[in-house]
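Residue numbers (my numbering): 1 to 492.
A short write-up of the structure that comes next.
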């Protein structure tokens, strides 16, 4: 059979060899064109999704690998400068001494003057600012080309209408703990009813119901049990035994990171009006945490890999490589503030420990690792900048013009989940919502809401230092009114 589409040439008009195509063929051709069109659309959507939300796993691994090398170099330099090993077994006398003062380690005053944090949040921010996606071209996304913030990775983040849909239970007409003046229902009536429902949720031991319930805030008296239920913490005898094994490991072995933990607690929580009384708890929990190899499990769903060290004299030989520290997490400046607020809820060290570990592997690790996850710090930074640029453009451009990029101020709040910045009762109400929505996006929303709240003052500043001064004290802020006004009273 001759082709229905002959070659067209001089003296041979196209129509001369054209033959009618059967109707069945035309129908099938139409179906194929439609299928091809659908497939093209699907491929385009996949490509866009990859470009907009994946950061590409390879990019994540490369960026994290480079950052990890810097951290390890800093750690090894400290070892060399101070002539101390990464790990050593404690002499028997030191083991007995540490065991005797286990519950009062805060009274110990070791000389930490030569130790320094391996890195601070501002160092990590510089890494994020320099992130670029090699597969992304400026022409690919008109909307992203107009983004004038510090984060230059085109991830998909929510706008306010999408955030409203996501955080619908925070609406103005829905009762909330943390709001003093509900117009619909007297606060006392709502709180009493909310407590009654919370007690019923706990009686039924329904984790999903607890997560839904806590979106409206948790009563103070029920919070510890509700969080444990949501995090699936059961506190069995074997859990206590596991904690004691970690404690034994601390007693027997001295790690360089122990000094970093001591230093961090001294620099942060010990100087905090809310948390200084928990100094002993913080040492116990964080020292045990550094030895907990079960924490390594979170690297399975994280683009990062745990840092490695080598047995002395075996540098570079993989069979002699060990994870260091054993949990794969090198503490940075402010790390202890992830634990401090939990001390208000749990007074038994092993329960405190379990809760912190679960909070870390579910949420907090995302705040200091590079990923394209919606709750990852890169996405949170971009969400924060996008919200400000879109809904407070005059303020955003003003701060940008005077060299006070908003993210340089808000980054430290988000990377510590606002711990150490808000009053504790407000922080716990915020963390209720993190657990309730299984998302850290509320941190970026709150950061934007704080800027909106202080916008009048910020419009008058002429330098980064002045802007930082306006936002230096967040301890008087009320979380829930800020979130509600920003999400549900902002004109979109």
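For every residue, glycine included, the Cβ atom is placed at its ideal position computed from N, Cα and C.
Here the structure is a predicted model, which means the values were calculated and not measured.
Cβ shell of residue i (< 6 Å), same chain only, five flanking positions each side left out
i           : result
residue 404 : 464, 467
residue 234 : none
residue 225 : 202
residue 383 : 157, 444
residue 343 : 278, 281
residue 438 : none
residue 231 : 358
residue 326 : 291, 293
residue 229 : 207, 210
residue 105 : 280, 283
Residue range of the unbroken beta strand (DSSP E) whose run includes residue i
i           : result
residue 448 : Element bounds for residue 448: not the beta strand (DSSP E) but the alpha helix (DSSP H), 441–453.
residue 88  : 87–89
Cβ separation of residue i and residue j, assumed to be a contact under 8 Å, to the nearest whole Å
i           : j           : result
residue 98  : residue 251 : 5 Å
residue 407 : residue 150 : 5 Å
residue 378 : residue 153 : 6 Å
residue 487 : residue 164 : 6 Å
residue 424 : residue 227 : Contact doesn't hold; Cβ gap of about 15 Å is too wide.
residue 428 : residue 450 : Wrong, their Cβ atoms sit about 18 Å apart, outside the cutoff.
residue 72  : residue 79  : Not confirmed; about 10 Å, so no contact.
residue 380 : residue 414 : 5 Å
residue 222 : residue 350 : Between residue 350 and residue 222 the Cβ distance is about 21 Å, and since that is not below 8 Å, they are no contact.
residue 171 : residue 194 : No, residue 171 and residue 194 are not in contact; Cβ-Cβ is about 16 Å, not under 8 Å.
residue 402 : residue 471 : Their Cβ separation, rounded to whole angstroms, is 14 Å, which puts residue 402 and residue 471 out of contact at 8 Å.
Start-to-end residues for the alpha helix (DSSP H) that takes in residue i
i           : result
residue 425 : 424–437
residue 398 : 393–401
residue 172 : Unbroken run through residue 172: none, as it is neither H nor E.
residue 255 : First-last for residue 255: 253–255, but that is the beta strand (DSSP E), not the alpha helix (DSSP H).
residue 415 : 406–415
residue 341 : Where residue 341 is concerned, there is no enclosing alpha helix (DSSP H), given that its DSSP letter is neither H nor E.
residue 104 : Run containing residue 104: none; DSSP gives neither H nor E here.
residue 123 : 121–129
residue 94  : 92–100
Coil, strand or helix - residue i by DSSP
i           : result
residue 479 : helix
residue 323 : strand
residue 280 : helix
residue 471 : coil
residue 334 : coil
residue 161 : helix
residue 153 : coil
residue 35  : Any reading at residue 35 needs caution, since the residue's pLDDT is 46, under 50, leaving its predicted position unreliable; the model's value is listed next. Reduced to three states, the DSSP call for residue 35 is helix.
residue 214 : helix
residue 249 : helix
residue 44  : Below a pLDDT of 50, predicted positions are generally treated as unreliable, and residue 44, at 43, falls in that range; the measurement from the model is reported next regardless. It is helical.
residue 234 : coil
residue 220 : helix
residue 291 : coil
residue 61  : helix
residue 354 : helix
residue 383 : helix
residue 77  : helix
residue 298 : helix
residue 275 : coil
residue 147 : coil
residue 115 : coil
residue 264 : helix
residue 209 : helix
residue 110 : coil
residue 374 : coil
residue 195 : helix
residue 488 : helix
residue 305 : coil
residue 132 : coil
Cβ neighbours of residue i in the same chain (closer than 7 Å, five flanking residues each side left out)
i           : result
residue 288 : 243, 246, 247, 250, 353
residue 103 : 280
residue 455 : 392, 395
residue 366 : 373, 375, 376, 377, 440
Contacts around residue i, its chain only, beta-carbon distance under 8 Å, and the 5 residues preceding and following it disregarded
i           : result
residue 426 : 178, 477, 478, 479
residue 299 : 305, 306, 328
residue 82  : 114, 115
Min CB distance residue i to chain B below 8 Å
i          : result
residue 70 : The chain inventory of the structure shown lacks chain B, comprising one protein chain alone.
Check: residue i C-beta below 7 Å from any heavy atom of the ligand MN
i          : result
residue 70 : With respect to the ligand MN, the structure offers nothing, as it holds no ligand at all.
Check: Within the chosen definition, does the segment 253–268 reach the segment 107–118 through at least 3 CB pairs nearer than 8 Å?
Finding: yes
Taking contact to mean at least 3 C-beta pairs separated by less than 8 Å, is the segment 331–345 in contact with the segment 410–419? yes
Any contact of the segment 321–334 with the segment 121–133, i.e. 3+ C-beta pairs under 8 Å? yes
Taking contact to mean 3 or more Cβ pairs, one atom from each stretch, closer than 8 Å, check whether the segment 354–366 and the segment 387–401 are in contact.
no
Q) Looking at C-beta atoms only, is the number of pairs between the segment 432–448 and the segment 205–225 that lie closer than 8 Å three or more? A) yes
Stretch-stretch touch, CB-based, cutoff 8 Å, three pairs: the segment 261–278 with the segment 372–390
no
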